[in-house]
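Peer 1: Would you mind keeping the following structure in view while I ask a few things?
What follows is the structure in structure tokens.
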């Protein structure tokens, strides 16, 4: 099945720990995105990548890092510098100007 | 500052009612406006609007864009409990392709 796969669905982070959220797509889409969603708020862009080996900061990139070594994969690392990481994280890719979303990862702090 | 504002933030109706969700925007480089439905987790695409005054329809859902007054509405007629969801509006920037999302409208349809 074609689609965007995010893992894990639930993730817990300890104080001072870096954690990595996985996002894989087999849709052959060039552009991929990471969004953060907090309760009662819309989606906010963390990072995006329009092509392999290239990525740009979004509106709330501080405390996050990404890589894009392969077209299919766009992992997001939540570093210890991100002081309020509890949120729902959505990965997406675009085709024909339409966003296709993964099922999301809920990150919580222990 | 580019921004997208949705109203109301939440809405409770009964089955069979008609609802209108609003999305207004202020952006410097507009390309398109998109509506998404988010139930449980992943948002799903509903409509993309690029031209003023042309209504897009899909079943009981319809949407229209007014580029002069900078807003869009999403109408849902004869609502059903399955319409309960968060409805997200987003504007695509023409210079970067980035999307700016509104806060979302939470719709609850009661039986």
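Chains as they are written, first to last, in my numbering: chain U, 571 to 680; chain X, 171 to 281.
Beta carbons: idealized from backbone N, C-alpha and C, even for Gly.
All values derive from a computational prediction rather than experimental measurement.
Alpha carbon to alpha carbon, what distance is there between residue 176 of chain X and residue 266 of chain X?
Peer 2: Taking the first residue of the second chain as position 1, residue 266 of chain X is located at position 96. Taking the first residue of the second chain as position 1, residue 176 of chain X is located at position 6. So the two alpha carbons sit approximately 22 Å from each other.
Peer 1: Using a Cβ-Cβ cut-off of 8 Å, state whether residue 668 of chain U counts as contacting chain X.
Peer 2: Here residue 668 of chain U corresponds to residue number 98 of the first chain, with the count starting at 1. Yes - at least one Cβ of chain X is within 8 Å of the one on residue 668 of chain U.
Peer 1: The stretch 245-259 of chain X: which residues have C-beta closer than 7 Å to a C-beta of chain U, in chain order?
Peer 2: So the close ones are 258.
Peer 1: Taking only the alpha-carbon atoms, compute the straight-line gap between residue 625 of chain U and residue 189 of chain X and give it to the nearest angstrom.
Peer 2: Counting from one through the first chain, the residue named residue 625 of chain U turns up at place 55. Counting from one through the second chain, the residue named residue 189 of chain X turns up at place 19. For residue 625 of chain U and residue 189 of chain X, the distance between alpha carbons rounds to 40 Å.
Peer 1: For residue 608 of chain U and residue 599 of chain U, I'd like the C-alpha separation in whole angstroms.
Peer 2: By 1-based counting over the first chain, the position of residue 608 of chain U is 38. By 1-based counting over the first chain, the position of residue 599 of chain U is 29. The straight-line gap from Cα to Cα measures roughly 26 Å.
Peer 1: Buried or exposed, going by whether 16 or more other CB atoms sit within 10 Å of the CB of residue 281 of chain X?
Peer 2: Taking the first residue of the second chain as position 1, residue 281 of chain X is located at position 111. With fewer than 16 Cβ atoms within 10 Å of its Cβ, residue 281 of chain X is classed as exposed.
Peer 1: What does residue 660 of chain U reach in chain X if we use C-beta pairs closer than 9 Å?
Peer 2: Here residue 660 of chain U refers to the residue found at position 90 of the first chain. Simply 211, 212 and 213.
Peer 1: Just reading off the beta strand (DSSP E) that residue 644 of chain U is part of, what are its end residues?
Peer 2: To locate residue 644 of chain U, count along the first chain from 1; it is residue 74. No beta strand (DSSP E) contains residue 644 of chain U, which DSSP labels as neither H nor E.
Peer 1: Compute the distance between the beta-carbons of residue 231 of chain X and residue 219 of chain X, then report whether it is under 8 Å.
Peer 2: As a working note, residue 231 of chain X is residue 61 in the second chain. As a working note, residue 219 of chain X is residue 49 in the second chain. No, they are not a contact pair.
Peer 1: Please report how far the alpha carbon of residue 205 of chain X lies from the alpha carbon of residue 584 of chain U, in whole angstroms.
Peer 2: Looking up residue 205 of chain X in the second chain gives position 35. Looking up residue 584 of chain U in the first chain gives position 14. When rounded, the distance between both Cα atoms is 36 Å.
Peer 1: Shortest alpha-carbon distance to residue 628 of chain U belongs to which of U:637, U:614, U:622 and U:621?
Peer 2: Residue mapping note: residue 628 of chain U aligns to position 58 of the first chain, counting from 1. Ranking the options by Cα distance to residue 628 of chain U, first place goes to U:614.
Peer 1: Going by DSSP, which residues form a beta bridge with residue 196 of chain X?
Peer 2: On the second chain, position 26 is the one that residue 196 of chain X refers to. Answer is X:173, bridged to residue 196 of chain X.
Peer 1: Taking the beta carbon of residue 671 of chain U as the centre, do at least 16 other beta carbons fall within 10 Å, making it buried, or is it exposed?
Peer 2: Numbered from its first residue, the first chain carries residue 671 of chain U at position 101. So residue 671 of chain U counts as buried.
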